[in-house]
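Before any comments, here is the structure.
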Amino acid sequence: MSQFEREETSFERERAILEEIKNNPNLHHNALIKSIVPKYMAKTTFEKTKNQLIEKNILTVSQIGNKKFYSITENYQKKSIRLMERISHEKYQILQHRIRRIKNDYRHKDVDEKISTCVQLFRSLLQVDNGFTFLDSIKNAKRTLYKDEHLVIQEMISIIFHMISDGKDSELVYPQVMSYIEGAISKNI
1496 MSQFEREETS
1506 FERERAILEE
1516 IKNNPNLHHN
1526 ALIKSIVPKY
1536 MAKTTFEKTK
1546 NQLIEKNILT
1556 VSQIGNKKFY
1566 SITENYQKKS
1576 IRLMERISHE
1586 KYQILQHRIR
1596 RIKNDYRHKD
1606 VDEKISTCVQ
1616 LFRSLLQVDN
1626 GFTFLDSIKN
1636 AKRTLYKDEH
1646 LVIQEMISII
1656 FHMISDGKDS
1666 ELVYPQVMSY
1676 IEGAISKNI
């Protein structure tokens, strides 16, 4: 089973639970289990999927007496955008701090640490930049609202490449880092 097939199955399970809750908002936990298991999934799969939906704040749990009821979180769309914005900004700040610190420590690391550090930084920078691009598209597709953040991320990428090329191990580090980047870009297309 490929990664895509696993994700697709996960979405189907989440959708089954969400549809059942939407169509039957008065079902308590045990009644919800009876309506979903075994028709859509096993009980442990239901519990895991339900817990994932709660962790993602897609579902809200309320307790009435000794019964648990689930509902789809109100204003989920706005809340999820705010959460994505908060996470993107927090990771952005952390990356700025890490790169300032790495500039001083980089030359003292061994080759494997340099490769690992650079790959982790590039992965994180690409994820944060994607987060800001996604937010730009949601909020206003005609304007770049996070232009400053995008530019700083480009500067951070440039700093990392300069650290690599100025290092004594650049002929070993550069090909490995580029191999990761090429793989990450081609894998996601």
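For the sequence shown, the numbering used here gives the first residue as 1496, with consecutive numbering after it.
We put the beta carbon where it would ideally sit given N, CA and C, even for glycine.
(request) Helix, strand or coil for Y1641, going by three-state DSSP, please let me know. (result) coil
(message) Measuring alpha carbon to alpha carbon, tell me which residue in I1553, S1575, K1574 is nearest G1565.
(response) Note that residue 1565 is Tyr in the sequence shown here, rather than Gly. Answer by Cα proximity: I1553.
(request) Would you grab the beta carbon distance between D1624 and I1648 for me? Rounded to a whole angstrom, and I think it's under 8 Å. (result) 5 Å
(request) Could you tell me whether the Cβ atoms of A1537 and L1621 are closer together than 9 Å? (result) no
(request) Would you list the one or two residues that DSSP bridges to V1556? (result) Y1565
(message) Is it buried or exposed, R1602, if we count other Cβ atoms within 10 angstroms and call 16 or more buried?
(response) exposed
(message) The alpha helix (DSSP H) that contains G1662, what's its start and end?
(response) Per DSSP, G1662 belongs to no alpha helix (DSSP H) and is neither H nor E.
(request) Mind the definition here: the stretch 1505-1513 touches the stretch 1531-1547 only if three or more C-beta pairs lie below 8 Å; say whether that holds. (result) yes
(request) Going by CA-CA distance only, name the one from I1528, A1526, T1540 that's closest to S1505. (result) T1540
(message) With a threshold of 6 Å on Cβ separation, who are the neighbours of E1500 within its own chain once the five nearest residues in sequence on each side are excluded?
(response) Unreliable placement is indicated for E1500, whose pLDDT of 47 sits below 50; no coordinate value is reported for it.
(message) I'd like the list of long-range same chain contacts for I1516, defined as Cβ closer than 8 Å, with 5 residues on each side in sequence excluded.
(response) L1522, L1527, L1554, Y1565, S1566, I1567
(request) Could you pull out every unbroken alpha helix (DSSP H) segment of at least 4 residues lying fully inside the stretch 1563-1625, listed in chain order? (result) 1571-1600
(message) Given this structure, state the Cα-to-Cα distance separating S1497 from G1560, to the nearest angstrom.
(response) A caution first: S1497 carries a pLDDT of 48, below 50, which makes its placement in the model unreliable, though a value can still be read off. Rounded to the nearest angstrom, the two C-alpha atoms are 43 Å apart.
(message) Please confirm whether E1542 has its beta-carbon closer than 9 Å to some beta-carbon of chain D.
(response) The structure shown contains no chain D, having only a single protein chain.
(request) Use the C-beta contact count for K1545: other C-beta atoms within 10 angstroms, 16 or more gives buried, fewer gives exposed. (result) buried
(request) With A1686 as the anchor, note down where its alpha helix (DSSP H) starts and where it stops. (result) With the chain represented from 1496 up to 1684, any question about residue 1686 goes unanswered, as that position is not in the structure.
(message) Does the beta-carbon of T1504, which I'm using as the reference point, lie nearer than 8 Å to any heavy atom of the ligand COA?
(response) Although the ligand COA was asked about, the structure shown includes no ligands whatsoever.
(message) Classify S1660: buried if its beta carbon has 16 or more other beta carbons within 10 angstroms, exposed otherwise.
(response) exposed
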